[in-house]
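When you read off a place in the sequence shown, starting at 1, and then add 252, the result is the number in our numbering.
Heads up: the structure comes next, in structure tokens.
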Amino acid sequence: MTLDATDKLKTSAEVYLFPLAAPDLAGLKDRLERLGLVLENSPDLAGVANRYFAIFEREKAYPYILALVCRSGEELRREIAKATAALDEAFATGRAWQSPAGSYFTPQPLGERGEVAFVYPGAFNSYPGLGRELFRRFPDLYHRFNQNCANPDQALAEPLLRWRSLQPLTRSESEQLEAQLVADSSAMMLSGSGFATLFTMLLRQDFGLQPAAAFGYSLGESSMLWALEAWQGIDRGLENISNSPIFRTRLSGPKETIREQWQIPPAQPDEAFWSTYFVLAPVERIKEELCREERVYLTHINTAEEAVISGDSAACRRVIERLNCHSLGRTPSSVLHCKPVRAEYAGLLRIHSYPTHPVPGLRFYSAADYDVLNLEQAGVAAKLSDMACQPVDFPRLVEQVYGDGARLFVELGPGYTCTRWINRILKDKDHLAANVCQKGVDEPVSLARLLAKLVSHRVPLNLNRLYARTESFTGYAGPGGSGLARNLAQWQANAAGLAGVQANFLGGRQQGLGQLRELLSQHMALIGQSVSTQTATERLTVLPGKGHADRVAPPQAARQARTPVLFDERQIEEFATGSVAACFGPRFAEVEGQRVPRIPNGDLKLMSRITALTEPGPGFEGISTITAEYDVPGSPWFYSENAYPFNPYSVFMEIALQPCGFLSAYKGSFLLFPGTDLYFRNLDGQASMLCDIDLRGKTVVTQARLLSTAIFEGTIIQRFEFECSCEGQFFYRGSSAFGFFTREAMLKQVGLDSGKAVLPWLEQTGQNGVRLDLTSPAERARYYRPPSPDKPYYRLSSGRLDLLDEVVLQPGEGRYGQGYIYATRKINPADWFYKCHFYQDAVMPGSLGIEAIFQAMQVFAIEQDLGRHLKSPRFGQIFDHNLAWKYRGQITPDNRQMALEIHLNRVETEKDRVILTGEASLWKDQLRIYEIKQVGLALYEAAN
253 MTLDATDKLK TSAEVYLFPL AAPDLAGLKD RLERLGLVLE NSPDLAGVAN
303 RYFAIFEREK AYPYILALVC RSGEELRREI AKATAALDEA FATGRAWQSP
353 AGSYFTPQPL GERGEVAFVY PGAFNSYPGL GRELFRRFPD LYHRFNQNCA
403 NPDQALAEPL LRWRSLQPLT RSESEQLEAQ LVADSSAMML SGSGFATLFT
453 MLLRQDFGLQ PAAAFGYSLG ESSMLWALEA WQGIDRGLEN ISNSPIFRTR
503 LSGPKETIRE QWQIPPAQPD EAFWSTYFVL APVERIKEEL CREERVYLTH
553 INTAEEAVIS GDSAACRRVI ERLNCHSLGR TPSSVLHCKP VRAEYAGLLR
603 IHSYPTHPVP GLRFYSAADY DVLNLEQAGV AAKLSDMACQ PVDFPRLVEQ
653 VYGDGARLFV ELGPGYTCTR WINRILKDKD HLAANVCQKG VDEPVSLARL
703 LAKLVSHRVP LNLNRLYART ESFTGYAGPG GSGLARNLAQ WQANAAGLAG
753 VQANFLGGRQ QGLGQLRELL SQHMALIGQS VSTQTATERL TVLPGKGHAD
803 RVAPPQAARQ ARTPVLFDER QIEEFATGSV AACFGPRFAE VEGQRVPRIP
853 NGDLKLMSRI TALTEPGPGF EGISTITAEY DVPGSPWFYS ENAYPFNPYS
903 VFMEIALQPC GFLSAYKGSF LLFPGTDLYF RNLDGQASML CDIDLRGKTV
953 VTQARLLSTA IFEGTIIQRF EFECSCEGQF FYRGSSAFGF FTREAMLKQV
1003 GLDSGKAVLP WLEQTGQNGV RLDLTSPAER ARYYRPPSPD KPYYRLSSGR
1053 LDLLDEVVLQ PGEGRYGQGY IYATRKINPA DWFYKCHFYQ DAVMPGSLGI
1103 EAIFQAMQVF AIEQDLGRHL KSPRFGQIFD HNLAWKYRGQ ITPDNRQMAL
1153 EIHLNRVETE KDRVILTGEA SLWKDQLRIY EIKQVGLALY EAAN
């Protein structure tokens, strides 16, 4: 038996679209109620869908259309309940509503007020399995494509997209084959254009969607011209791209163009002299930094806050370091949209020179001059070649098309990057941006979701194809026998065998529809009964207002009054270690049994309930918020094992950051790349302590806000703000960034210094210092026990907060001459925190790395007896002092050692306190992965 390695074990269920039209809110609710009643008495979901489509065809002139998307009767019931609950708010706010399943409603349709624009993504977005379900649902689409293309398998890169194996591939084998696809620039370009053409054919020919405008992102302009038949005879295009060295050796692969211009020797690896990075920073700042480099180019402006730079590898890294921003390297990288490409202009003209054909009623746009393209052969070839040699300003192009009247943007091609950027660019302007497919979502499902949006916006469509359950099967056998064609031939044979069964079925259906008609009549009298199901997660609760905190608050009993609970402790525990669907609902059923990003569990799970969640609308635009509560036990382990009677800093961080992870998961962040193994990591942040507060026996409230989400090529970067309070007193406030990364990206981490070995200062200088073995009995007696009964807190933390093995102290040394501290800890795979952080993803919490830095500073303070003038010294936080952290790696059970250093820049003794601040770094083995700015520690009188 031969398996397609991208296939699932079973074919995806049919997807159904239920458009409901009505004159007003009451009418929509009435139709939802009737549909629910019919569903209770009819197991034939396809029959109900056909019947309701016939009703819609008669009523579609009504001003409001709600479209429900489902794959089963049970899911349809849930969609009915969600829509019923959401319609009031949609009408009240004027904002569109969308469910995770894809159901959609807008009270302000744009179809009669604006034009449709087709958007074609760049050339490198294809992925394994692309088109698998598309051809199963619309098999004749392949035949129609074949009529215009003699070798469809080549045009669709079928051997690389549909791997063959006698048994399911292992993860490493799948990753290796996917890497082969990504590395083949020609295959990526051909398949991107090929599927853009297929999706265009499907929407225009099958569903009657007619655009008034079209534009592409980068090389997507070529896809646009082929797909919309301004260029015809795609076989010639395939031949030119396949035979031309432009995208095989000149601008990709060995990048001969750059090697010749920069005199790079042939033996030097590509990545050593040319790199491409996605950069998350204001474009104007990027331009300022590029003025300082000769060989770094701004190649793509995606949004005002996201761009792509390419050029000399070392120079690119310098730019990113000066920008101090998040970035992601793109591999493999090609040379495009920059000055060196001009050397290949003649070759670009050749692969862009084809006879052009008029397309009445359709405007084509190009980033060559951000205007309408004149469809004349030589002019088109010159424009597209010019575009390839200069930067792409996508916001400028989008704004031009919008200014000319487009309001509905449909992305035709693999992925949804353009959709996301358009939403960012147009922000609150009236518009719709939607995509036709994305990785991990079956094409019929993503198509139904797109059609739901368009029909609700009252865009003219022909939906008959969705309700015709029989297809015309025509096989094709190209040279050598096409794999897709063989499948189609088999489907044709199967269809012939089922013809008799289908005839009997249709006869039975006709009888059933007659019975259904009687049933509908009976249920007409039942209007007035309501469908009132509403999940707790859909309620909106206003966040409490801010208050002011005193410096120290005594412990009090936990408050008894509770706000409504959206997620209780049992559900939170399910997310931490159990069933994600049991926590968040059926939308997450697709990841059951898979490893997914989690929040900490066990001793590190510091949330008891979620009491509020707000979202401005579907997707990730706007600011979403969460309110979480944590009931601190009367005697928690982190108090009893801490050296002083307040929270350790790591616990403050965990209380603040865990709700951010929960909110990210609730919004479905790791579902954006279905089938991709994503890992959730904190990247950086900054926070201030407002006061030390005794939290024992009290309830902590954390309010977090998701400010932005950037998505590109298997990576998601999200920014949050947070603040923590207890009984109205705010004690901790800050912001942080998190990222989702693929397993491959995690394995390629290069730390803070781009993979270079940067040694600790102690090893660089070779100086000696006071060396303390904290595991020895003598040092444990000195540093872990109080020096006297009247100084019970002048010691180090124990138990789970004992994080160091050895410390080296150099008073009066370091970069600032205030003191230097170096410390190490041997990594034990059995360390307690690996079980808690995270389930199926063991990694040391970054907060504990920072806690270890605090502990090293405490060793310095005790060894130097900095608290000698205090009657009973205790350690504590510095108020209104901002600590900033940056993580570029993590410590896993297979690492051998953690090392850290602190360069103290302030050691100040005052009458009633001592202040220590410094700059810190942390290593795993030989790689520097943490950088902490202005870490601060204080010694106070315990009585104060």
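Beta carbons: idealized from backbone N, C-alpha and C, even for Gly.
If you reduce the DSSP assignment to three classes, tell me which class residue i lands in.
i	result
H395	helix
P1125	strand
N894	coil
C322	strand
S1157	In the sequence as displayed, the identity of residue 1157 is Asn instead of Ser. N1157: strand per DSSP, three-state reduction.
A482	coil
A1190	strand
E695	helix
W526	coil
P271	strand
F836	helix
V632	helix
V531	strand
M1150	strand
K1185	strand
When the Cα of residue i is compared with those of the options, which residue comes out closest?
i	options	result
L382	C689, V632, E473 and E331	C689
E536	E558, Y529, P518 and R948	E558
D936	W1137, E1103, L930 and S1040	W1137
A895	Q1107, L339 and L408	Q1107
Q1110	G1128, A533 and A1094	G1128
I968	L930, E996, G980 and F451	L930
I307	F270, I963 and P1063	F270
G655	Q484, A369 and D1117	A369
T1169	R1180, K1163, E311 and E1153	E1153
E473	S324, I572, L627 and K950	L627
A375	R659, N714, I493 and L471	L471
F441	D638, N492, A301 and P463	Note on residue identity: the sequence assigns Met, not Phe, to residue 441. Comparing Cα-Cα distances from M441 to each of D638, N492, A301 and P463, the minimum goes to N492.
G1101	Y901, N377 and A298	Y901
N554	Y469, S579 and V587	Y469
Ordered along the chain, which non-local residues of its own chain (more than five positions away) have a Cβ less than 6 Å from that of residue i?
i	result
F616	A466 and L625
F1090	R850
A633	L601, H604 and S605
I674	V650, F661 and A685
W478	S445, T449 and I486
L320	F270, E331 and S355
Please list, in chain order, all residues of the same chain as residue i whose beta carbon is under 8 Å from its beta carbon, the five residues on each side excluded.
i	result
C641	H589, C590, K591, V593, R594, Y597 and L600
T829	R850, N853 and Y1091
S1006	R569
Buried or exposed: residue i, going by 16 or more other Cβ atoms within 10 Å of its Cβ?
i	result
V1022	exposed
A704	buried
C912	buried
A335	buried
K1176	buried
R822	exposed
E1103	buried
R323	buried
Go through its chain and collect everything with a Cβ distance to residue i's Cβ below 7 Å, but skip five positions before and after it.
i	result
R1178	Going by the sequence as given, residue 1178 is Gln instead of Arg. Closer than 7 Å at Cβ, skipping near neighbours: A1009.
F1131	R803, M941, L942 and C943
E1031	L1024 and D1025
E508	T501 and R502
T671	E663, A685, A686 and N687
When every heavy atom of the ligand SAM is checked, does at least one fall within less than 7 Å of the C-beta of residue i?
i	result
V1002	Questions concerning the ligand SAM fall outside what the structure shown contains, since it holds no ligand whatsoever.
*Pick out the complete alpha helix (DSSP H) segments inside the segment 884-947, 4 residues or longer, and give them in chain order.*
Those alpha helix (DSSP H) runs which fall completely within the segment 884-947 and span 4+ residues are 889-892 and 901-918.
*beta strand (DSSP E) segments (min. 3 residues) lying fully within the segment 1084-1139*: Fully contained in the segment 1084-1139 are the following beta strand (DSSP E) runs of length 3 or more, in chain order: 1125-1128 and 1134-1139.
*Which parts of the segment 536-608 are runs of the beta strand (DSSP E), unbroken and 3 residues or longer, counting only runs that do not cross its ends?*
Those beta strand (DSSP E) runs which fall completely within the segment 536-608 and span 3+ residues are 548-555, 558-563 and 578-581.
*Segments of 4+ residues assigned as alpha helix (DSSP H) that fall wholly inside the segment 337-403*: Those alpha helix (DSSP H) runs which fall completely within the segment 337-403 and span 4+ residues are 384-389 and 391-400.
*Within the segment 639-711, note down every full alpha helix (DSSP H) run reaching 4 residues or more, in order along the chain.*
Residue ranges of uninterrupted alpha helix (DSSP H) with 4 or more members, entirely inside the segment 639-711 and ordered along the chain, are 646-655, 669-678 and 695-708.
_Segments assigned alpha helix (DSSP H), at least 4 residues, entirely inside the segment 984-1051_ = Here the runs fully enclosed are 995-999, 1013-1017 and 1029-1035.
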